[in-house]
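There are 2 protein chains.
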Amino acid sequence: MSASSSNDSALSAWEASMIDVFVRAASLIGLPRSIGEIYGLLYCSPRALTFDELVERLQISKGSVSQGVKLLRQLGAVKLKYVAGSRRDHYQPELSMKRLVRGFIKDQFEPHLSSGSERLQGLESLIQQEDNEALREHAMGRLGTLLTWQQRTRKLVPIVMAVLGGAKLFDQDSSADEYVI
Amino acid sequence: MSASSSNDSALSAWEASMIDVFVRAASLIGLPRSIGEIYGLLYCSPRALTFDELVERLQISKGSVSQGVKLLRQLGAVKLKYVAGSRRDHYQPELSMKRLVRGFIKDQFEPHLSSGSERLQGLESLIQQEDNEALREHAMGRLGTLLTWQQRTRKLVPIVMAVLGGAKLFDQDSSADEYVI
DNA sequence: CAGTTTGTTCAAGATTTATTGAACAAGATA
DNA sequence: TATCTTGTTCAATAAATCTTGAACAAACTG
């Protein structure tokens with residue numbers, strides 16, 4: 001017979017291909033392959049899947065599934081569904097793009113933005129210790145630019161969320177579409 | 001005397017701290033440490049720096065500087081400045097946030113978005129090979145959702161660029177600020 | 001309680017990614 | 001042409017990250 005423990009849980013062609021899309025998307029935002037696989041399989045499935053089903057169909061370890069599901073739930077990308085008569089956890093994917101993006105921003109992006117703010121605060125006093133006056137003034141100017149960049153980034157977040165929430169803006173640059181928040 | 005070949009090119013406290021900001025930012029968008037270091041040092045400097053100065057002040061190899069500068073130029077984050085009377089290349093940082101973001105999106109983001117489009121195209125025919133009709137219809141529904149997400153992402157790019165370009169939008173969600181493109 | 005089911009933890013191993021540095025190419029200089 | 005300067009390439013090495021799986025904890029079952 002065929003090699004390896006062939007079970008009927010193998011992924012179909014379209015499932016493998018759709019999971020591949022999520023694996024690439026995960027990699028794009030710096031998340032490991034297994035995360036993309038787990039979310040991808042849940043996204044393909046018409047019903048909530050159990051821990052064991054994820055292990056078996058994806059052929060990855062229990063450890064990977066456990067950690068992957070943990071992070072995905074933290075991001076709000078996967079939710080538990082309680083199924084009567086079963087002790088097992090059943091996992092479902094979040095399907096709202098807005099919530100997915102919000103979860104990612106809140107968990108993976110905002111913390112860096114906040115710690116960045118603190119860091120820039122401390123930078124000013126270090127710059128004041130520079131002896132060379134011209135260089136010190138130059139550095140203060142650059143610090144100012146950095147603060148501007150930070151402010152713009154902060155303003156961007158709610159705008160992105162608004163667009164993903166279905167809001168429309170009027171956009172005079174792109175002639176074809178009209179947006180209004 | 002002190003250990004190691006101590007030269008007077010060591011980074012000052014504020015330089016190290018500012019470079020650290022860029023190293024973290026680079027890591028956030030999936031770029032290696034050396035890229036953040038190179039851009040960071042150029043950002044600190046009041047004048048264009050040479051290849052050798054980057055190697056010596058950052059204490060990284062010629063290979064890293066060569067590859068790092070190559071990518072940064074590709075992203076449009078670093079530009080050459082021709083200096084009369086010197087054969088060496090002199091590098092300067094791009095200081096426009098809009099151009100920095102545009103370069104990053106064009107080089108590192110758009111390609112993935114484009115290849116994603118192709119991939120979704122092929123997915124439909126794979127789904128049509130699914131025997132189970134209910135499952136096939138479910139999969140088609142999910143593919144549709146994915147296409148919607150892709151469209152929204154594409155619409156987002158020009159909006160982000162517009163905001164970074166200084167455009168203002170009216171935003172009814174955040175009560176404090178008013179934006180109008 | 002003893003055994004079972006379900007999922008977690010984390011150190012070790014596997015894999016991926018980044019960095020180094022010696023050999024090399026291209027162009028200036030003498 | 002021979003030599004020097006400047007920067008690139010890429011195979012080997014180092015470092016960072018991910019995955020595995022055995023040991024463990026918690027909660028249910030009989």
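Here the protein sequences come in this chain order: A and B. Residue numbering for the first sequence follows full-length UniProt numbering, starting at 1 and increasing by one per position. Residue numbering for the second sequence follows full-length UniProt numbering, starting at 1 and increasing by one per position. The C-beta atom is built at its ideal place from N, Cα and C for all residues, glycine as well.
Cutoff 8 Å: residue i Cβ touching any chain B Cβ
i, result
"A:GLN129", "yes"
"A:LEU49", "no"
"A:HIS138", "yes"
"A:ALA13", "yes"
"A:ASP171", "Any reading at A:ASP171 needs caution, since the residue's pLDDT is 46, under 50, leaving its predicted position unreliable; the model's value is listed next. It does: the Cβ of A:ASP171 has a partner Cβ on chain B nearer than 8 Å."
"A:SER17", "yes"
"A:LEU54", "no"
"A:GLY122", "yes"
"A:LEU126", "yes"
"A:LEU58", "no"
8 Å CB neighbourhood of residue i in its chain, flanking five on each side removed
i, result
"B:ALA13", "none"
"B:LEU113", "GLN150, THR153 and ARG154"
"B:LEU143", "LEU120, LEU123, GLU124 and ILE127"
Backbone CA spacing between residue i and residue j [nearest angstrom]
i, j, result
"B:SER45", "B:ALA10", "13 Å"
"B:PRO111", "A:GLY166", "25 Å"
"B:GLU15", "A:MET18", "46 Å"
"A:LYS106", "A:LYS155", "14 Å"
"B:VAL65", "B:SER34", "8 Å"
"A:LYS81", "A:LEU31", "24 Å"
"A:MET97", "A:LEU164", "7 Å"
"B:MET161", "A:LEU42", "34 Å"
"A:VAL55", "A:LYS62", "6 Å"
"A:PHE51", "A:PRO158", "35 Å"
"B:SER5", "A:ARG24", "Low confidence applies here, because B:SER5 scores a pLDDT of 42, under 50, leaving its location unreliable and the question unanswered by this model."
"A:THR148", "B:ASP20", "18 Å"
"A:THR145", "A:GLY103", "29 Å"
"B:ARG136", "B:LEU28", "38 Å"
"B:ARG57", "A:GLU118", "26 Å"
"residue 209 of chain B", "B:GLU53", "Missing from the structure shown is residue 209 of chain B; chain B here goes from 1 to 181 and no further."
"A:ASP171", "B:PHE109", "Its pLDDT being 46, under 50, A:ASP171 is placed unreliably in this model, and the value from its coordinates should be taken loosely. About 22 Å."
"B:TYR91", "A:GLN129", "27 Å"
"B:GLY141", "B:GLN74", "39 Å"
"B:SER115", "B:GLY85", "46 Å"
Cβ-heavy atom distance, residue i to the ligand FMN, below 7 Å
i, result
"B:LYS79", "For the ligand FMN, the structure offers nothing, since it holds no ligand at all."
Any C-beta of chain A under 8 Å from that of residue i
i, result
"B:ARG142", "yes"
"B:VAL21", "yes"
"B:ARG119", "yes"
"B:ARG24", "yes"
"B:GLY76", "no"
"B:LEU72", "no"
"B:LEU147", "no"
"B:LEU31", "no"
"B:ALA10", "no"
Beta strand (DSSP E) segment containing residue i, residue limits
i, result
"residue 182 of chain A", "Lying outside 1 to 181, the shown extent of chain A, residue 182 of chain A is not represented and no answer is given."
"B:GLN92", "90-93"
Contacting residues, own chain, Cβ-Cβ under 7 Å from residue i (five flanking each side not counted)
i, result
"B:ARG99", "GLY76"
"B:PHE22", "GLY36, TYR39, GLY40 and TYR43"
"A:GLU94", "GLY76, ALA77, VAL78, LYS79 and LEU100"
"A:LEU72", "ILE35, ILE38, TYR39 and VAL78"
Residue i - containing alpha helix (DSSP H), residue span
i, result
"A:ILE159", "133-164"
"A:GLY30", "Run containing A:GLY30: none; DSSP gives neither H nor E here."
"B:ARG99", "97-104"
"B:ASP52", "51-58"
"A:PRO111", "110-128"
"A:LEU71", "62-74"
_Selection of the segment 152-164 of chain B by Cβ proximity to chain A, strictly under 9 Å_ = ARG152, THR153, LYS155, LEU156, PRO158, ILE159, VAL160, MET161, ALA162, VAL163 and LEU164
_Where the segment 34-45 of chain B meets chain A: residues whose CB sits under 9 Å from a CB there_ = TYR43, CYS44 and SER45
*With 7 Å as the limit, tell me which residues of the segment 98-119 of chain B have their beta carbon closer than that to any beta carbon of chain A; keep them in chain order.*
HIS112, GLY116 and ARG119
*Residues of the segment 77-95 of chain A whose Cβ lies closer than 8 Å to any Cβ of chain B, in chain order*: LEU95
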